[in-house]
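*Asks:* Mind having a look at this structure? Questions to follow.
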Ligand code: NDP
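Now the structure itself:
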């Protein structure tokens, strides 16, 4: 199936008629092609967005809200179709796409459709000076949204929904590896009555299509989710043009387990926080630190549970672990398993590719647990982003805190304990944008989302996102 760019409400082939193969990770076969868009396609998308802006930015909040909520409803009506498309494109189990990815994409539109009707700005009375200040929150204009492959529609819409809710027009690029649901979203937007040009979707490679978006002089803000190296590159290009930037980047998140936790809850959640979506979630707790007194018990129980996870074709109901997203990514993850062996890590389970009958060329890997001798090894310091976790014991709060904070990243941290003082102390001191205590991946869309250190700059979510996608202008009136 060939997909096309969505520009000004219509579907277009790339201007140079150049195409890229789109692979199905579950069987390694090419199942379609996507546009290899150039600067010219991005310019066409920009022109459409620019033309739509005067009218869209003046559209009432009620009308914007109505359209966003309609998009949300249409996504829900098309749940099965979108979940199948996401699974085929990404390799994730359909059950996961159906329970998480597509419902969350629908929630993103519903949430920001509602949030924009509640978004307010400040007023400051300058007492004694006979003046009043009020702040306008004006849309920026044309903005760029660039997203990765791991949660394709989920993260794509997490950017687009607040951008258009706030009155901007968008030029967006999904990952070239997982473009399908972004393509299908164009149809839904038309059906929901989104005016032409408000959202434009160009497909292609990061280094060409993405690059054309970030270096476009008149695209005034970039919201990006992806790897830290790409984020650094984008910052370098965008900073001299003074673009607004939101960067959501990589992570290497600690999962810290104390002996006083609710053990069974911790164990089943830790299996999920390690291997959900084949471990390809920026929030996965890939470094597991366990208090020494329960370390041996945890090691035995955890490995036993992980061995029960079924690696299988994404369409099967009993599949827990689907295919990794691409051949190069599978090779990268395998390389890290080899590095772990070189660094004297012990593979407690997994570590091998899996062959699924009938789908022998798919990108399947066993969920892998590695016991590491110390925290300095590369598998504990570098982002692997696959079904691989490390475990090691710790003896004290201070020791584990020091290890948790030692990485260059700071996206999220998970803490398992029933000790209140410890919870408060560690939550304060963990260097992360998000700390989960006795849970994982529990998301309230009103909360600020983002990382510190090499995990990013800025916050998404709730009014933070609407603030990012607007410019504050203060008006001071003397009376
Ligand atoms: P990449 O950084 O490789 O790519 C992300 C997006 O940026 C893709 O659409 C990519 O295009 C595009 N891109 C690449 N180069 C450029 C460029 N020069 N200019 C503009 N755009 C460019 O990340 P991955 O897709 O591999 O995603 C995995 C990474 O994302 C992991 O590090 C993960 O931690 C992170 N991530 C962070 C999250 C967070 O909220 N902090 C959430 C989810 C993932 P293309 O791929 O088509 O070439």
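In the numbering used here, the protein residues as written are -10 to 468. C-beta atoms are modelled at their ideal positions from N, C-alpha and C, and glycine is treated no differently. In this text, all values refer to a predicted model and were calculated from it rather than measured experimentally.
Out of curiosity, what's the CA-to-CA distance linking residue 324 and residue 66?
*Replies:* Between residue 324 and residue 66, the C-alpha separation is close to 41 Å.
*Asks:* Which same chain residues, not among the five before or five after residue 145, have their C-beta less than 8 Å away from its C-beta?
*Replies:* Cβ within range, chain order: 94, 134, 136, 161, 163, 170, 171, 174.
*Asks:* Could you check the C-alpha separation between residue 153 and residue 98 for me, to the nearest Å?
*Replies:* Cα-Cα distance, rounded: 10 Å.
*Asks:* Per DSSP, residue 8 forms a beta bridge with which residues?
*Replies:* DSSP output for residue 8 lists 24 as bridge partner(s).
*Asks:* When every heavy atom of the ligand NDP is checked, does at least one fall within less than 7 Å of the C-beta of residue 233?
*Replies:* No - the ligand NDP has no heavy atom lying nearer than 7 Å to the Cβ of residue 233.
*Asks:* With a cut-off of 8 Å, do at least 3 Cβ pairs link the region 367 to 374 to the region 319 to 339?
*Replies:* Segments in contact, yes.
*Asks:* Residue 248 to residue 256, Cα distance in whole Å?
*Replies:* If I take the Cα positions, the gap works out to 12 Å.
*Asks:* Sort 438, 183, -3 by Cα distance to residue 38 and report the nearest one.
*Replies:* Among 438, 183, -3, the Cα nearest to that of residue 38 belongs to -3.
*Asks:* Would you tell me roughly how many angstroms separate the C-alpha atoms of residue 195 and residue 204, rounded to the nearest one?
*Replies:* Approximately 12 Å, taken between the alpha carbons.
*Asks:* Per the DSSP calculation, residue -5 is bridged to which residue(s)?
*Replies:* For residue -5, which the question treats as bridged, DSSP gives the partners 0, 190.
*Asks:* Give me the Cα-Cα distance between residue 80 and residue 224, rounded to the nearest whole angstrom.
*Replies:* If I take the Cα positions, the gap works out to 31 Å.
*Asks:* Could you tell me which of 337, 430, 277 sits nearest to residue 393, measuring between CA atoms?
*Replies:* Here the closest residue by C-alpha is 277.
*Asks:* Using C-beta distances below 7 Å, list every residue in its chain close to residue 166, excluding the 5 sequence neighbours before and after it, in chain order.
*Replies:* The answer, listed in chain order, is 138, 314, 315.
*Asks:* What three-state label does DSSP hand residue 382 in the structure shown?
*Replies:* Correct three-state label for residue 382: strand.
*Asks:* Using CA atoms only, rank isn't needed, just tell me which of 270, 303, 382 is closest to residue 75.
*Replies:* Considering only alpha carbons, the answer is 303.
*Asks:* What first and last residue would you give for the alpha helix (DSSP H) that runs through residue 317?
*Replies:* Per DSSP, residue 317 belongs to the alpha helix (DSSP H) from 316 to 331.
*Asks:* Terminal residues of the continuous alpha helix (DSSP H) containing residue 120?
*Replies:* Per DSSP, residue 120 belongs to no alpha helix (DSSP H); it is in the beta strand (DSSP E), 120 to 128.
*Asks:* Is residue 455 buried or exposed, if buried means 16 or more other CB atoms sit within 10 Å of its CB?
*Replies:* Residue 455 is buried by the Cβ-count criterion.
*Asks:* Helix, strand or coil for residue 219 per DSSP?
*Replies:* In this structure, residue 219 counts as helix in the three-state DSSP scheme.
*Asks:* Within the same chain, show all residues whose beta-carbon is closer than 6 Å to that of residue 201, passing over the 5 residues directly before and after it, in chain order.
*Replies:* Cβ within range, chain order: 28, 31.
*Asks:* Tell me whether residue 200 counts as near the ligand NDP, meaning its Cβ is closer than 7 Å to at least one heavy atom of that ligand.
*Replies:* Under cutoff, so the answer is yes.
*Asks:* State the Cα-Cα distance for the pair residue 84 and residue 228, rounded to the nearest angstrom.
*Replies:* Residue 84 and residue 228: Cα-Cα distance of roughly 41 Å.
*Asks:* Inspect the beta-carbon positions of residue 445 and residue 220 and report whether they are closer than 8 Å.
*Replies:* A contact, by the Cβ cut-off of 8 Å.
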